[in-house]
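Protein chains in written order, with numbering that gives the first Met the number 0: chain A, 0 to 364; chain B, 0 to 381; chain C, 0 to 166.
Built from N, CA and C at the ideal position, the CB exists for glycine as well.
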Amino acid sequence: MIENAYQLIVYVLTLLGVYEWIYGIFQSFGIDYVLQIIIVFVEIVILFAFVLVTVMFLTWMERKVVAMVQSRYGPMVTGPRGLLQPVMDGVKLIGKEDIIPAKADRWIFTLAPFIVFIPALLVFIPLPFGKSLIISDLRVGLLYIIAISAMSPVALLLAGWASNNKYSLMGAMRAVAQDISYTIPLALTAIAVVMFTGSLSTVDIVNAQGGTWFGIIPKWFIFIQPLGFILFLIASIAEMGRIPFDFQESESELVAGFFTEYSGMKFAMFFLAEYAHLFAVSGIIVTLFLGGWEGPALPFIPVQLTSLVIFLIKTYAVIFFAMWLRDTVPRVRIDQLLNLGWKIMVPLAVLNLLLTGFIVVAGVI
Amino acid sequence: METEELLLNMGPVHPSTHGVLRFKLRMDGEIIKECNIVMGYLHRGTEKLGEMKTYLQFTPYTDRLDYISAFPNNYAYAKAIEELAGIEVPLRAEYIRVLTMELNRIINHLVFMGSLLMDLGAATMIMWGFREREKALQLFEMLCGARMTFNYIKPGGVRDDLPDGFIPKLNEFLKDMEKRIDDYEQLINENEIFLMRMKNIGVISAQEAINYGLTGPALRGSGVSYDIRKLEPYSIYPDLDFKVCVQSEGDSFARYMVRVDEMRESLHILRQVVDTMPEAKIVAQAKYGIAPMTGMPSAVSTYFPRIFAPPAGEVYSRIEAPKGELGFYIVSDGTTKPYRVKIRSPSFCNLTAIPRMVVGLKIPDLIAAFGTIDVVLGDVDR
Amino acid sequence: MNAAEELKRLLPNAVVSTGIQINKPLAVIRKEELLKVAEDVKEMGFDHLSVITGIDYTDRFEVVYNFFSYGKKQNLVLKVILGHDNPEIDSLTTFWKGADWLERETYDLVGIRFTGHPNLTRILLPEGWIGHPLRKDYDMKTEQFVMLGEDGEDVVSTDGSKLLRRK
Numbered sequence: 000m001i002e003n004a005y006q007l008i009v010y011v012l013t014l015l016g017v018y019e020w021i022y023g024i025f026q027s028f029g030i031d032y033v034l035q036i037i038i039v040f041v042e043i044v045i046l047f048a049f050v051l052v053t054v055m056f057l058t059w060m061e062r063k064v065v066a067m068v069q070s071r072y073g074p075m076v077t078g079p080r081g082l083l084q085p086v087m088d089g090v091k092l093i094g095k096e097d098i099i100p101a102k103a104d105r106w107i108f109t110l111a112p113f114i115v116f117i118p119a120l121l122v123f124i125p126l127p128f129g130k131s132l133i134i135s136d137l138r139v140g141l142l143y144i145i146a147i148s149a150m151s152p153v154a155l156l157l158a159g160w161a162s163n164n165k166y167s168l169m170g171a172m173r174a175v176a177q178d179i180s181y182t183i184p185l186a187l188t189a190i191a192v193v194m195f196t197g198s199l200s201t202v203d204i205v206n207a208q209g210g211t212w213f214g215i216i217p218k219w220f221i222f223i224q225p226l227g228f229i230l231f232l233i234a235s236i237a238e239m240g241r242i243p244f245d246f247q248e249s250e251s252e253l254v255a256g257f258f259t260e261y262s263g264m265k266f267a268m269f270f271l272a273e274y275a276h277l278f279a280v281s282g283i284i285v286t287l288f289l290g291g292w293e294g295p296a297l298p299f300i301p302v303q304l305t306s307l308v309i310f311l312i313k314t315y316a317v318i319f320f321a322m323w324l325r326d327t328v329p330r331v332r333i334d335q336l337l338n339l340g341w342k343i344m345v346p347l348a349v350l351n352l353l354l355t356g357f358i359v360v361a362g363v364i
Numbered sequence: 000m001e002t003e004e005l006l007l008n009m010g011p012v013h014p015s016t017h018g019v020l021r022f023k024l025r026m027d028g029e030i031i032k033e034c035n036i037v038m039g040y041l042h043r044g045t046e047k048l049g050e051m052k053t054y055l056q057f058t059p060y061t062d063r064l065d066y067i068s069a070f071p072n073n074y075a076y077a078k079a080i081e082e083l084a085g086i087e088v089p090l091r092a093e094y095i096r097v098l099t100m101e102l103n104r105i106i107n108h109l110v111f112m113g114s115l116l117m118d119l120g121a122a123t124m125i126m127w128g129f130r131e132r133e134k135a136l137q138l139f140e141m142l143c144g145a146r147m148t149f150n151y152i153k154p155g156g157v158r159d160d161l162p163d164g165f166i167p168k169l170n171e172f173l174k175d176m177e178k179r180i181d182d183y184e185q186l187i188n189e190n191e192i193f194l195m196r197m198k199n200i201g202v203i204s205a206q207e208a209i210n211y212g213l214t215g216p217a218l219r220g221s222g223v224s225y226d227i228r229k230l231e232p233y234s235i236y237p238d239l240d241f242k243v244c245v246q247s248e249g250d251s252f253a254r255y256m257v258r259v260d261e262m263r264e265s266l267h268i269l270r271q272v273v274d275t276m277p278e279a280k281i282v283a284q285a286k287y288g289i290a291p292m293t294g295m296p297s298a299v300s301t302y303f304p305r306i307f308a309p310p311a312g313e314v315y316s317r318i319e320a321p322k323g324e325l326g327f328y329i330v331s332d333g334t335t336k337p338y339r340v341k342i343r344s345p346s347f348c349n350l351t352a353i354p355r356m357v358v359g360l361k362i363p364d365l366i367a368a369f370g371t372i373d374v375v376l377g378d379v380d381r
Numbered sequence: 000m001n002a003a004e005e006l007k008r009l010l011p012n013a014v015v016s017t018g019i020q021i022n023k024p025l026a027v028i029r030k031e032e033l034l035k036v037a038e039d040v041k042e043m044g045f046d047h048l049s050v051i052t053g054i055d056y057t058d059r060f061e062v063v064y065n066f067f068s069y070g071k072k073q074n075l076v077l078k079v080i081l082g083h084d085n086p087e088i089d090s091l092t093t094f095w096k097g098a099d100w101l102e103r104e105t106y107d108l109v110g111i112r113f114t115g116h117p118n119l120t121r122i123l124l125p126e127g128w129i130g131h132p133l134r135k136d137y138d139m140k141t142e143q144f145v146m147l148g149e150d151g152e153d154v155v156s157t158d159g160s161k162l163l164r165r166k
């Protein structure tokens, strides 16, 4: 039984008939742990490449979706249908002058973009991209994801504070207030899901959603937890910091929020983190409520591949929804957002938890 | 808890000050305690220029006041001179003037809607609005070759007759626009977040609004049924059937709704103008030695007098521009140049009420309220 | 009887003369009586102060107030004549809040001082600008440059040598 990506790589190498040979070489030197490290390293490189390509694709997709809604074309010049636009953007951003304001806190100012990017990458570790396509099936996977997501406001606060700019500071304060008030309903609704599965492992959660009722309706948690799904979706959009909840940025009020003073590659890091986060959170929504990679299997094609495709389709559907939302609605006001979070979302999440408790205890499903 | 007050300089370079305007805000956290407005970054001395140019030379400068809606500026200036000199304007010219001004009112409100929604964080409306605006701009281009600064309405008439094919294209635009306004309303008015942001924000009562000198949609949004087109009818407005759009709440949403309704009314006016346009092709007054214009190509525009001197006197003439009361106070000493040109610009006077509206609110509300006042900085700073 | 004549009947001492300024009743007011007149004008229903215009006639200044009454749908023009040296006039901000900026603008560009104005500072031009541009004797030969000072406020100077300029 292949459980994670490490074993998958070993399995593929074994199938090719080279694993024993390579392993033998390392063993003859008595350093077989080095092989393990190399394989893990390969995993990370693949993940990193995947995230970067995804982010680039997402920036292109965002522009195209916006353009579609606004009856424009969007990027069309660089590459077919403007597909190479993100590459051009990257080249441009690398070429930009790296400005550090004279009165900024140099070290924190430089450090903040990286601190933003790291949690955005770490979230991917327990995220199941497909059957056995997971870096590590942590037993506390869901807790880990929520904990790592809660790190990002720290980085935003660092960025906002170090910039020594009033707009940046206000943007950072808003981001922190927003993250704190939305992590709670997020966690509470996630717990409701966990009550069904009895496990925090993301793989277990996905497995629990396999199969169908009456042969038609898939056993996704969205059908058992409709309220939980809506709450989780709203809270996730607030977590991602996208319109209508993009307070950390809110360009028409705070210029550019916490990254007002950033330029060049540091700015690009925030951008990367934002889109990586968008993908990760969409993936989590899919995992928790939309059945993850569960779906019809096709003959002759390895289940890893079909499940990956199914997972990506679902994730992009969620991402498309987020982009669509961005083009349609204005931004709410920060105090309205906090009111919504504390006065409506949290009580509803608790209520949802209570109902779930009844259902689980009664053993209805 | 001890907190410190924050002095925030919003502008002159800021995405939602619609140009180079600066708010000096004293803030307690996110709440505005005091709002001071600093302006003049776009001051070009238009009034001084008016004293140094001849009467006709000054017309292009009026285009640059409120550059979003330049036809009413042209017209207000021309009207002041016509009143001063007692010039009668041919009927067809008046029809063309009203046509251009109402078309301009529509695109002014489109830009208003777009930029307001942009300030609130929804970028779609500005693209939709500019799509329709583009069609209107193409009509203007057909008319006078310019898209934003027209210099088309001159004292005594208009520069040219309507070009061939203008009316069919206009009809097409009117038909299209009808549907588009419904689209906008569907996109915006039914949006809960939009209502949340606009209702009960920046409320100003009718009494106060008058006291602060608010005019235009900003005043009508406070429930004052006023419209200079009705109160002091000018041009062909007395012959046209239209109603004054009023909302009673006095909040940002009321000011927004007034403008949406006004777009419909303008469409209604335009349809009437197109239907009843007189056939006689005379578009400029033959007084002061000007040859009568008979719908000839644009070379004829040279028949407008380079130099003419209205009799000595003073006049204050005002019109209902898209943004409010636009007035010109002109003092003539009988020479070829005005002795004094004073411009009463709607943006400048409407802006007075902003500090009163926003104290106690938050920055996002300031932006929403400021957006619904609809100023153009060229008009504020002159 | 138009509004100007009615005003004359109410305050015979304050009104110097009445007339018509192209369809609008005009009353020339004694400078000292302006506040009293303003009070009466407001009571007569002229709730909208359209515009305040300051005009420099080289030997005198004139300040023109254009009023409109939304209730009566009438116009009224008030005119006050001031001496050319040190022109001063009472502020109307207590009656019409809209007068605030209009008076500041008149002070800024024409140089008429409004006594009793809560914040009579320049509005369109930066503080420290030399002269009032709409006066006929304004010196247009001297160039003035606006630069950003240490504390972010505008600084005006006639020395442009430090500026990057296209010759």
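Item                                                                                                                                      : Value
As assigned by DSSP and simplified to three states, the class of residue 147 of chain B                                                   : coil
Cβ-based burial, residue 376 of chain B [other Cβ within 10 Å; buried from 16]                                                            : buried
DSSP three-state assignment for residue 339 of chain B, whether helix, strand or coil                                                     : strand
Distance, residue 53 of chain C Cα to residue 9 of chain C Cα                                                                             : 26 Å
Anticipated Cβ contact below 8 Å, residue 81 of chain C with residue 111 of chain C, distance rounded                                     : 7 Å
Closer than 8 Å at the beta carbon, the chain A residues around residue 361 of chain B                                                    : 332, 333, 334
Cut-off 8 Å between Cβ atoms - residues of its own chain near residue 12 of chain B, not counting five sequence neighbours on either side : 19
Positions along the stretch 96–129 of chain B whose CB lies within less than 8 Å of some CB in chain A                                    : 116, 117, 118, 119, 120, 121, 122, 123, 126, 127
Same chain, Cβ closer than 8 Å to residue 141 of chain C, five either side skipped, listed in chain order                                 : 129, 157
Closest by C-alpha distance to residue 132 of chain A, when choosing among A:155, A:291, A:344                                            : A:291
Member of B:64, B:35, B:46, B:24 whose CA lies at the smallest distance from the CA of residue 322 of chain B                             : B:64
Same chain, Cβ closer than 6 Å to residue 310 of chain A, five either side skipped, listed in chain order                                 : 128, 129, 292
For residue 144 of chain C and residue 17 of chain B, the rounded distance between their alpha carbons                                    : 25 Å
For residue 104 of chain C, three-class secondary structure by DSSP                                                                       : helix
Within 8 Å, strictly: CB atoms of residue 54 of chain A and residue 323 of chain A                                                        : no
Endpoints, alpha helix (DSSP H) assigned at residue 175 of chain B                                                                        : 165–187
Bounding residues of the beta strand (DSSP E) (the contiguous stretch that carries residue 165 of chain A)                                : That residue, residue 165 of chain A, is in no beta strand (DSSP E); its alpha helix (DSSP H) goes 165–196.
Among A:295, A:164, A:136, A:225, nearest to residue 214 of chain A - alpha-carbon criterion                                              : A:295
Residue 190 of chain B: contacting residues in chain A (beta-carbon distance under 9 Å)                                                   : 327, 328, 329
Cutoff 8 Å: residue 7 of chain B Cβ touching any chain C Cβ                                                                               : no
Opposing strand residues paired with residue 271 of chain B [DSSP bridges]                                                                : For residue 271 of chain B, which the question treats as bridged, DSSP gives no partner whatsoever.
Contacting positions in the stretch 150–166 of chain A - beta carbon closer than 7 Å to chain B                                           : 165
Proximity test, Cβ basis, 8 Å: residue 72 of chain B and chain C                                                                          : no
Residue 365 of chain A versus residue 369 of chain B - alpha carbon distance                                                              : This structure cannot settle anything about residue 365 of chain A, because the visible part of chain A is limited to 0 through 364.
CA-to-CA distance, residue 33 of chain A to residue 18 of chain A, given in whole angstroms                                               : 14 Å
Interface flag, residue 15 of chain C vs chain B, CB-CB below 8 Å                                                                         : no
Closest by C-alpha distance to residue 126 of chain B, when choosing among A:297, A:175, A:326                                            : A:326
Beta-carbon proximity list for residue 73 of chain B, same chain, < 8 Å, skipping 5 on both sides                                         : 58, 61, 62, 149, 150, 151, 152, 153
Whole runs of the alpha helix (DSSP H) within the stretch 12–99 of chain B, excluding any shorter than 4 residues                         : 45–51, 58–62, 69–84
Amino acids of chain B, ordered along the chain, whose beta-carbon sits closer than 8 Å to that of residue 365 of chain A                 : With chain A covering only 0 through 364, there is no way to say anything about residue 365 of chain A.
Contact list for residue 372 of chain B against chain D, beta-carbon separation under 7 Å                                                 : In the displayed structure, chain D is absent; the protein chains listed are A, B and C.
In chain order, each beta strand (DSSP E) run of at least 3 residues that lies wholly inside the stretch 65–106 of chain A                : none
Closer than 8 Å to chain B by CB, residue 252 of chain A                                                                                  : yes
For residue 42 of chain A, the residue or residues it bridges with in DSSP                                                                : None; residue 42 of chain A has no bridge partner.
Interface positions of the stretch 36–53 of chain C facing chain B (Cβ-Cβ less than 9 Å), listed along the chain                          : 46, 47, 48, 49, 50, 51, 52, 53
Cβ contact check for the stretch 78–97 of chain A and the stretch 255–272 of chain A: 3 or more pairs under 8 Å                           : yes
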